[in-house]
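Note sheet for the following structure.
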Amino acid sequence: MDTTSDSIEEYILQHIDKEPAYLKKLTRETHLYTLKPRMLSGHLQGRMLKMFCNMVSPKNILEIGAFTGYSALCMAESLPKGGMLHTIEVNDEMEEFLDRVFSESDYADRITLHIGDALKVIPQLDVEFDVAFIDGNKRHYLEYFEAVYPKMKVGGLMIADNTLWDGHVLEADSRDAQTLGVKKFNDFVAQDDRVERVIVPVRDGMTLVRKIR
Numbered sequence: 312m313d314t315t316s317d318s319i320e321e322y323i324l325q326h327i328d329k330e331p332a333y334l335k336k337l338t339r340e341t342h343l344y345t346l347k348p349r350m351l352s353g354h355l356q357g358r359m360l361k362m363f364c365n366m367v368s369p370k371n372i373l374e375i376g377a378f379t380g381y382s383a384l385c386m387a388e389s390l391p392k393g394g395m396l397h398t399i400e401v402n403d404e405m406e407e408f409l410d411r412v413f414s415e416s417d418y419a420d421r422i423t424l425h426i427g428d429a430l431k432v433i434p435q436l437d438v439e440f441d442v443a444f445i446d447g448n449k450r451h452y453l454e455y456f457e458a459v460y461p462k463m464k465v466g467g468l469m470i471a472d473n474t475l476w477d478g479h480v481l482e483a484d485s486r487d488a489q490t491l492g493v494k495k496f497n498d499f500v501a502q503d504d505r506v507e508r509v510i511v512p513v514r515d516g517m518t519l520v521r522k523i524r
């Protein structure tokens with residue numbers, strides 16, 4: 312059977328939960344107003360993030376790297392009344408855009424936006440998280456992990472995006488700082504006996520890490 316990856320993806324999208332209209336609108340705006348719209352989580356990954364969160368039934372969620380807010384809104388769908396998602400975005404030029412997107416959504420009361428360096432913001436958060444989504448600067452993935460780990464509940468789920476990094480993780484002699492950051496994170500997590508882990512080869516790779524102690 313001869314199929315293309317685009318055909319398979321289209322088939323998948325036709326057979327999963329539909330993308331909510333407000334997220335379709337956000338996708339269009341992301342392509343209109345940002346230089347790197349491919350950073351958007353998108354329909355498939357967004358529905359996966361919601362599903363993963365629903366399985367955990369989180370009260371508190373942490374996100375590192377908000378971009379235009381798509382993934383935050385997907386995860387916020389899983390929160391109960393009184394739950395909270397803390398999302399951290401380093402690019403202050405996105406603040407006005409994100410404030411509008413979140414305030415216009417049904418989840419405005421469940422999302423707190425922090426503008427700044429995640430490695431400085433996380434220690435200031437007096438919160439125990441059930442889920443953490445790591446999608447920030449690839450150079451700092453291991454540092455994010457080490458900052459987030461003490462804030463996670465036992466049994467909590469960390470999800471790290473882009474952990475296959477377009478296949479560059481296979482390059483033994485790479486000098487690219489982002490590639491080296493992802494590889495360092497992958498190698499460390501693979502040997503960490505405090506967690507369970509699996510890499511899901513969806514899009515650019517998602518590593519699921521469950522804290523067991």
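First residue of the sequence shown: 312, per our numbering; consecutive thereafter.
Quick reminder that beta carbons are idealized off the backbone N, C-alpha and C, glycines included.
Quantities reported herein were computed from a predicted structural model and do not represent experimental measurements.
Asked: CB contact flag (Lys370, Met386, <9 Å); Found: no
Asked: Cβ neighbour criterion (16 or more within 10 Å) applied to Ile323; Found: exposed
Asked: Nearest-angstrom Cβ-Cβ length linking Ile470 and Phe499, presumed shorter than 8 Å; Found: At roughly 16 Å, the Cβ-Cβ gap does not stay under 8 Å, so Ile470 and Phe499 are not in contact.
Asked: Contiguous alpha helix (DSSP H) assignments of at least 4 residues, all confined to the stretch 313-357; Found: 316-325, 332-344
Asked: Three-state class that DSSP yields for Asn371 in the structure shown; Found: strand
Asked: Buried versus exposed, by CB contacts within 10 Å (16 or more), Ile433; Found: buried
Asked: Alpha-carbon spacing of Phe440 relative to Arg505, whole angstroms; Found: 16 Å
Asked: Chain-order list of residues whose beta-carbon lies under 6 Å from that of Leu475 (same chain, five-residue window excluded); Found: Asp515, Gly516
Asked: Inter-residue Cα distance where the pair is Met312 and Glu320; Found: Confidence is the limiting factor: at Met312 the pLDDT is only 46, short of 50, which leaves the residue's position unreliable and the question unanswerable from this model.
Asked: Residue from Gln356, Val438, Arg521, Leu334 whose Cα sits closest to the Cα of Asn473; Found: Gln356
Asked: Boundaries of the alpha helix (DSSP H) in which Val530 is found, first to last residue; Found: Limits of the chain in this structure are 312 at one end and 524 at the other, which puts residue 530 out of reach.
Asked: Complete runs of the beta strand (DSSP E) confined to the stretch 408-480 [at least 3 residues]; Found: 422-426, 440-445, 463-472
Asked: Residue(s) in a DSSP beta bridge with Met395; Found: Asn371
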